[in-house]
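K.L.:
Below you will find the structure I want to go over with you.
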Amino acid sequence: MKTKAEIIIVGGGIIGCATAYYLAKKGLTDIIVLEGSANIGNGGSSRNGGGVRQSGRDPRELPMVMWGIQNLWPGLSEALGVDTEYTQKGNLRLGKTEDHLKILQGLTDRAVACGLDVRMIDGGEVRQINPYLSEEVIGASWCPTDGHANPLTTTLGYYTRARAMGVTFITGAPVTALRTVGGALRQVITPDAVYEGDKVLVASGYDSRRITASVGIDTPMLPLKMECLVTEAQPLMFEQMLGTAEADFYGHQSHHGSFVFGGSTGMEDCAKDDGTPISTSIGGSCTCRGIMKYFPALSQAKIVRTWAGWIDHCADGVPVLGPVTEIPGLYLACAFTGHGFGIGPAAAYTLAEMLMEETTTIDTAAFAYDRFQAKI
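If you want it as structure tokens, here you go:
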């Protein structure tokens with residue numbers, strides 16, 4: 001079994017798989033990707049709502065996600081040889097109260113200042129775009145270049161393409177610790193082997209915190225539970241991605257007709273004793289009540305399945321990307337705060353540039369690990 005490579009990537013989600021793919025495209029295939037579970041994309045990469053959006057984001061993220069939507073997402077299905085189901089039909093971020101509209105106006109103003117095409121619309125125009133929404137919606141922000149995609153096919157597309165290009169993937173290899181040699185990070189420890197590389201990228205969601213703690217590195221983030229549900233297939237109703245002012249409800253209709261909806265339920269702290277997130281009947285019922293208020297036409301739709309997963313919520317709401325100056329050879333890609341899928345291709349492209357020690361296409365200063373250091 002191969003245990004040495006130029007680059008070791010810890011985490012087989014969209015970030016790890018896509019970074020391996022973009023490195024391979026640059027000609028570097030001496031890479032080992034370690035996935036702790038038995039399945040690629042087993043974490044947040046397969047447990048998310050599929051949003052590919054710019055609206056509603058922190059302005060620090062906007063340049064990166066806007067670049068990705070302009071340059072990567074439109075050709076991704078062709079590049080990966082899979083149907084990512086990428087649909088660019090806009091995003092309605094909904095408001096039901098005047099306070100909601102104030103939140104949306106602030107988000108819109110900050111996005112416009114970054115060059116994004118997004119504007120506020122009233123309830124009448126909302127229902128012109130999506131006539132299925134109830135009268136409770138009195139306004140929204142509208143971004144016509146937002147969209148959604150299929151997290152499963154996208155993540156697996158990156159995996160299969162990178163593997164075909166020569167990248168080594170090893171599943172069932174949970175990382176227990178990192179180890180430095182001569183002051184630089186060199187080794188990645190699993191129960192069955194010690195892997196050695198010139199550079200190590202840790203892209204393991206919230207688990208990144210435990211892994212990097214073994215070399216004294218800590219990213220300020222907390223796990224937040226997310227619950228989603230999928231309905232039975234319905235006739236085509238709308239193609240937009242949906243969100244809300246308070247980010248407590250989101251969803252879209254997939255290509256085959258099922259709806260994928262998620263939301264905050266007040267039950268996010270419920271989990272198994274071993275830390276495994278579970279979907280609860282109370283949580284599902286809460287989301288369903290929200291669906292019926294927004295979309296009365298779906299009140300009789302049957303739920304096919306539900307799931308839950310962890311969001312690696314960063315203290316300041318944006319991810320940590322890039323090298324850690326205190327530990328030469330260590331790179332981080334974590335704390336995406338529930339925004340990791342849509343920004344994933346652009347973030348991975350940027351990480352590949354960093355690992356190749358190239359000048360990055362996008363300015364990454366806002367994502368540096370050292371932003372959390374005390375200022376003296």
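Per full-length UniProt numbering, the sequence shown starts with residue 1, numbered consecutively. Built from N, CA and C at the ideal position, the CB exists for glycine as well.
Which residue comes first and which comes last in the alpha helix (DSSP H) that contains I40?
P.N.:
Premise fails: I40 is in no alpha helix (DSSP H) and is neither H nor E.
K.L.:
On the three-state DSSP scale, how would you describe T97?
P.N.:
If DSSP states are grouped into helix, strand and coil, T97 belongs with coil.
K.L.:
Give me the residue from A352, W310, T359 with the minimum Cα distance to F336.
P.N.:
The residue with the shortest Cα to Cα distance from F336 is W310.
K.L.:
Quick one: Cα of C286 to Cα of M356, how far?
P.N.:
Going from the Cα of C286 to the Cα of M356 covers about 47 Å.
K.L.:
Let me know if G263 comes out buried or exposed under the rule of 16 or more other beta-carbons within 10 Å of its beta-carbon.
P.N.:
Label assigned to G263: buried.
K.L.:
Would you mind reading off the limits of the alpha helix (DSSP H) that contains L133?
P.N.:
Run containing L133: none; DSSP gives neither H nor E here.
K.L.:
Give the straight-line distance between the Cα atoms of D192 and I282, rounded to the nearest whole angstrom.
P.N.:
Between D192 and I282, the C-alpha separation is close to 40 Å.
K.L.:
Hey, I31 and E61 are a contact pair by Cβ (cut 8 Å); roughly how many whole angstroms apart?
P.N.:
Not really, about 26 Å apart at Cβ, beyond 8 Å.
K.L.:
Which whole runs of the beta strand (DSSP E) in the stretch 49-132 are 3 residues long or more, in chain order?
P.N.:
Complete beta strand (DSSP E) runs here, min 3: 91-95, 119-122.
K.L.:
Which of the three DSSP states, helix, strand or coil, is assigned to G146?
P.N.:
According to the sequence shown, residue 146 is Asp rather than Gly. Here D146 sits in coil by DSSP.
K.L.:
Let me check understanding here. Comparing Cα to Cα, which of S134, Y22, Y195 lies closest to L76?
P.N.:
L76 has its Cα closest to that of Y22, out of S134, Y22, Y195.
K.L.:
Among residues of its own chain, excluding the 5 on either side of G197, which ones have a beta-carbon nearer than 6 Å to its beta-carbon?
P.N.:
Around G197: A5, I7, I8.
K.L.:
Are the Cβ atoms of A315 and M226 separated by less than 8 Å?
P.N.:
Their beta carbons are not under 8 Å apart, which means A315 does not touch M226 by this criterion.
K.L.:
Assess contact between the stretch 88-102 and the stretch 169-185, defined as three or more Cβ pairs (one per stretch) separated by less than 8 Å. Is contact present?
P.N.:
No, the stretch 88-102 does not touch the stretch 169-185.
K.L.:
Along the alpha helix (DSSP H) that carries F341, what are the first and last residues, could you check?
P.N.:
Its alpha helix (DSSP H) spans residues 340-355.
K.L.:
Quick one: what's got a C-beta closer than 6 Å to G43's C-beta in the same chain, skipping five residues either side?
P.N.:
Excluding residues within five positions, the ones whose Cβ falls inside 6 Å are G13, G205.
K.L.:
For K375, count the other beta carbons within 10 Å of its own beta carbon; 16 or more makes it buried, fewer makes it exposed. Which is it?
P.N.:
Label assigned to K375: exposed.
K.L.:
Considering only the beta carbon of each residue, do L351 and T19 sit closer than 8 Å?
P.N.:
Yes. Within cutoff.
K.L.:
Let me know the secondary structure DSSP gives M226 once reduced to three states.
P.N.:
Here M226 sits in strand by DSSP.
K.L.:
I'd like the list of long-range same chain contacts for H255, defined as Cβ closer than 6 Å, with 5 residues on each side in sequence excluded.
P.N.:
Closer than 6 Å at the Cβ level, and outside the excluded window around H255, lie E85.
K.L.:
Please classify N39: is it buried, with 16 or more other beta-carbons within 10 angstroms of its beta-carbon, or exposed?
P.N.:
Classification for N39: exposed.
K.L.:
Going along the chain, which residues of its own chain have a beta-carbon closer than 6 Å to the beta-carbon of P323, five neighbours each way excluded?
P.N.:
Counting only Cβ-Cβ distances below 6 Å, and skipping sequence neighbours, we find Y331.
K.L.:
Just checking: is the beta-carbon of T350 within a distance shorter than 8 Å of some beta-carbon in chain D?
P.N.:
Judged by its chain identifiers, the structure shown contains no chain D, having just a single protein chain.
K.L.:
Is Y206 helix, strand or coil when you go by DSSP?
P.N.:
Correct three-state label for Y206: coil.
K.L.:
Below 6 Å CB to CB, which residues in the same chain sit around A348 once its five sequence neighbours on both sides are set aside?
P.N.:
Excluding positions up to five away in sequence, the list reads I15, A18, T19, Y22.
K.L.:
Using the C-alpha atoms, what's the distance from G81 back to T153?
P.N.:
Each residue's Cα considered, the two are about 10 Å apart.
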